Every structure is written in structure tokens, then in C-alpha cells.
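**Student:** Quick one: the structure is below, questions incoming.
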Amino acid sequence: MGEHPYCPSSLKLEGFIPIQFSPQFIASVFIAFLFLTFVTCWKITGAYYRHLGKADRALVGWWTIAGLVYLFLKGYYVFTPNFYKLQPSNFVTKFFNEFWKEYGKGDSRYMSRFPTIVLIEGFTAVIEGPASLLVVYAILYKKKWAHPLQFAASLTKFYGGVLYFSTAYLADTAYSVPGPVYFWGYFVLVKGLMALIPFIVVCRSWLCMMDEFSSSACTSTAHSVEKKTL
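Its first residue numbered 1, the sequence shown is counted upward by one per residue in the UniProt record's numbering.
Encoded structure:
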């Protein structure tokens, strides 16, 4: 059994290679990516898509980040089951590798390939990743199906968050390394935001769809009344 820093200590990770990047470096690179991607999207939409309101511009940033993270970062995890024993030479691949080994301190189910986790992340990478980037296109070009797609993609992500937390609670097992950073930071805050933001988008898209439906219904009723009057 390879020695590792995860909880429980009985977890078997044969051939585990210790983390080489510091937590501060991993966090800095990831936050820089989030910031630069969001700012770039905000600037581009402000310059070339002036018909968009601030909420839609912010959502373009959110969905772009989500699509890239889902496709590449989570896709790497799903399709590289033995990542913890690899030493990639490419920086991007190495960062993905180190990211998941570090995040495993907050939830060791990622290291043990817990079936529910692999299923959730697999669906996220394969289905929600492309769907997120499709949402960006729909928002930019004001497609009628923008809100239905946002509603569906966000609802499935919120449901994944519910499964994530509920399975951890029902297992009644400590998956986080002792310490507030790993439990409250990695496990609760990071995953909590990934469930909270989709829930907010679900509510917004639902209200927008209801408004559009009401407007369409009012227009149809008005036309019917005009025809009867004539």
C-alpha cells in the first residue's frame, strides 16, 4: 500500500506519487484562470455584443468557465483513472494531475474512484461540458432555446451537487483530511458554489421562461380577440 495523505488512512493507492505542487501554487493558477477567463468574456461581450445586459454578460463568463473546466479538468479525471501514479511532463496535464491529488485531501472519494463520483463527473464532462459551451453560443446570439438549455444544464448540475453531498452524508465516513481548509474550503465551499450557482441560474431561467410564456399567451389572446371583433 502506497503512503498517502488522504483520509481514511486505510485507503489503498498503490504506486501513489506525492504531490509536487504546493496548495498555494495550485490555487493561484486556478484562480488566475477563472479571473482571466471571466474578464476576457466580460470585455468581449461588452465590445462586440452590446445587446446583452450585464446578467447575460456575466453568464457568458460563467458558462465559458464551466464548459472549459468540465471538458478538460473533469474530463482528465474521468478518463485517467490512475492519475495519482503518473508523472506527466506537459505542464497542463501535470497541473490537472496535481489539482486532483490536492483536491483529494478534501474528498478522498476522488482518489478511490467512488462510483457515484465517477458517474457524476463523467456526466459533467461528457454532457454538461459541451452543453455549457452551447449555452454561450445561445446567449451571444439570443437564441430562443437559451433559457431552456440553461435551465436543463443547471438543473442537472444542481442535482449532481445534491447527490454529491447526500452520498457523503449517508456514508457516515470522514473523507476529508482533518482541518478547516480541507472540509470547509475544499469540500463545502468549492462544491457548494458549484451547486448554488446552478440553482440561481435555474431560478432565473425559469422566471424568464414564464415571462416569455405569459407574453406569448397575452399576444395570442389579443390576436384572438381582434379576429372575433372583426
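Cβ coordinates follow ideal geometry from the N, Cα and C atoms, glycine included. None of the values given here were measured: they were computed from a predicted structure.
(1) Just to confirm my understanding: we take Pro178, look at its own chain, exclude 5 residues before and 5 after, and list those with CB closer than 8 Å. What are they?
(2) Assign Ile19 to buried or exposed, taking buried as 16 or more other Cβ atoms, counted over all protein chains shown, within 10 Å of its Cβ.
(3) When you compare only the Cα positions, how much space is there between Thr221 and Leu207?
(4) Expressed to the nearest angstrom, what Euclidean distance is found between the alpha-carbon atoms of Phe33 and Ile65?
(5) Identify, in the order they occur along the chain, each residue of the same chain with its Cβ nearer than 6 Å to the Cβ of Val136, setting aside the five sequence neighbours on each side.
(6) Let me know the secondary structure DSSP gives Arg113 once reduced to three states.
(7) Residue ranges of each alpha helix (DSSP H) run of no fewer than 4 residues wholly in the region 117-205, ordered along the chain?
(8) According to the neighbour-count rule (16 or more other Cβ atoms, all chains shown, within 10 Å of its Cβ), is Val202 buried or exposed?
(9) Is the distance from the Cβ of Ala146 to the Cβ of Ala138 below 8 Å?
(10) My parser needs the alpha helix (DSSP H) runs of 4 or more residues fully inside the region 33-86; what are they?
(11) Can you check whether the CB of Tyr70 is closer than 8 Å to the CB of Trp100?
(12) Among the candidates Ser89, Arg109, Gly129, Lys157, whose CA atom is the shortest distance from the CA of Leu73?
(13) Could you work out which residue in Tyr141, Phe158, Leu134, Gly160 is closest to Leu149 when comparing CA atoms only?
(14) Considering only residues of the same chain and omitting the five flanking positions on each side of Phe199, which have a CB-CB separation below 6 Å?
(15) If distances are taken between C-alpha atoms only, which option among Phe38, Leu13, Gly106, Thr116 comes closest to Gly67?
(16) So the alpha helix (DSSP H) Glu102 belongs to, where does it begin and stop?
(17) Pull up the CB-CB distance for Tyr175 and Arg109, whole angstroms please, since I reckon it's below 8 Å.
(18) Could you check the C-alpha separation between Glu121 and Gly46 for me, to the nearest Å?
(19) I'd like the list of long-range same chain contacts for Cys218, defined as Cβ closer than 7 Å, with 5 residues on each side in sequence excluded.
(20) Look up Phe16 in the DSSP assignment and say whether it is helix, strand or coil.
(21) According to the Cβ coordinates, are Tyr84 and Phe187 closer than 8 Å?
**Tutor:** In terms of the structure at hand:
(1) Within the same chain, Pro178 has close Cβ partners Cys7.
(2) The residue in question, Ile19, is buried, as its Cβ has 16 or more Cβ neighbours within 10 Å.
(3) For Thr221, the predicted model reports a pLDDT of 48, less than 50, meaning its position is unreliable and no value from the coordinates is stated.
(4) Spanning the two alpha carbons is a distance of roughly 9 Å.
(5) Annotation for Val136: Val60, Trp63, Thr64 place their beta carbon closer than 6 Å to its own, counting only its chain and skipping 5 residues before and after.
(6) In the three-state scheme derived from DSSP, where H, G and I count as helix and E and B as strand, Arg113 is classed as coil.
(7) Here the runs fully enclosed are 129-140, 146-171.
(8) The Cβ neighbour count for Val202, taken over all protein chains shown within 10 Å, is at least 16; the residue is labelled buried.
(9) Yes, Cβ-Cβ distance for Ala146 and Ala138 is below 8 Å.
(10) Within the region 33-86, the alpha helix (DSSP H) runs of at least 4 residues that lie entirely inside it are, in chain order, 54-68, 75-79.
(11) Annotated as distal: Trp100 and Tyr70, with beta-carbon spacing of 8 Å or more.
(12) Restricting attention to Ser89, Arg109, Gly129, Lys157, the CA atom closest to the CA of Leu73 is found in Gly129.
(13) Answer by Cα proximity: Leu134.
(14) Counting only Cβ-Cβ distances below 6 Å, and skipping sequence neighbours, we find Phe158.
(15) Nearest of Phe38, Leu13, Gly106, Thr116 to Gly67, Cα basis: Phe38.
(16) Run containing Glu102: 91-103, per the alpha helix (DSSP H) assignment.
(17) That pair is a contact at about 6 Å.
(18) Computed Cα separation, rounded: 33 Å.
(19) Low per-residue confidence applies at Cys218: pLDDT is 49, beneath 50, and the placement is therefore not dependable, though the value from the model is reported in the following sentence. Within the same chain, no Cβ atom closer than 7 Å to the Cβ of Cys218 is found once the five residues on either side in sequence are excluded.
(20) Coil, per DSSP.
(21) No, the Cβ-Cβ distance between Tyr84 and Phe187 is not below 8 Å.
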